[in-house]
Amino acid sequence: MSHDPLPEGAAAGVGRTWGWRLTAVGANLALGVPGIVPVWLIWYVLANGPLAEGGWTQREPTENDGMMLWLVIVVPVVAVFGLVWWFANDAVCRRAALDPRLYWTAGALLTLVPTAALITSTYV
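For the sequence shown, our numbering assigns the number 1 to the initial residue and increments by one for each residue that follows.
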């Protein structure tokens, strides 16, 4: 029983696809390091705002500047990070040859890995 050889350039295409997938993993993990800052800012606003109002968290006792100051800081930081993350992933998504729903979900979760590692390391 003989097998037909791969068509011309097929092996190179498979290698490039895996290369782009590894690029996507590396890019999202790397973007997760500066992504710690927006995640922390979002948590800080939520913990001192709506979650504290609902009784789920304790307000920071020294936080008396109001939430408007924090929103002026948080919105631009999160917007810039979101745009950088989106543009970096948009460029790689088309080349990775994955279902877009899988790609974007995996990308978002991989971006949260450094934050999760930092949180885990503080409790261990």
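Glycine residues also receive a C-beta, built at the ideal position from the N, C-alpha and C atoms.
Keep in mind that this is a model prediction, so the values were computed, not measured.
Beta-carbon spacing of residue i, residue j below 7 angstroms
{"i": "tryptophan 20", "j": "arginine 95", "result": "yes"}
Closest by C-alpha distance to residue i, when choosing among the options
{"i": "alanine 106", "options": "Leu22, Arg16 and Leu83", "result": "Leu22"}
{"i": "tryptophan 18", "options": "Cys93, Ala52 and Ala108", "result": "Cys93"}
{"i": "leucine 41", "options": "Leu110, Phe81 and Leu98", "result": "Phe81"}
{"i": "methionine 67", "options": "Phe87, Leu51, Thr111 and Gly26", "result": "Leu51"}
{"i": "isoleucine 119", "options": "Gly26, Trp43 and Arg16", "result": "Trp43"}
Residues near residue i by beta carbon distance below 6 angstroms, same chain, minus five either side
{"i": "asparagine 48", "result": "Arg59, Glu60 and Glu63"}
{"i": "valine 74", "result": "Leu41 and Val45"}
{"i": "asparagine 134", "result": "This structure gives no information on residue 134, because the portion of the chain shown stretches from 1 to 124."}
{"i": "threonine 57", "result": "Ala47 and Leu51"}
{"i": "tryptophan 70", "result": "Val45"}
Residues of its chain near residue i, where Cβ-Cβ distance is below 8 angstroms and the 5 sequence neighbours each way are ignored
{"i": "tyrosine 103", "result": "Ala24, Asn89, Cys93 and Ala96"}
{"i": "alanine 117", "result": "none"}
{"i": "valine 84", "result": "Leu31"}
Own chain partners of residue i with C-beta closer than 7 angstroms, once the 5 adjacent residues on each side are dropped
{"i": "threonine 115", "result": "Gly32, Gly35, Ile36 and Val39"}
{"i": "valine 213", "result": "With the chain represented from 1 up to 124, any question about residue 213 goes unanswered, as that position is not in the structure."}
beta-carbon residue i near the ligand PLP non-hydrogen atom, thresh 6 angstroms
{"i": "valine 113", "result": "Questions concerning the ligand PLP fall outside what the structure shown contains, since it holds no ligand whatsoever."}
Segments of 4+ residues assigned as alpha helix (DSSP H) that fall wholly inside the region 84-109: none
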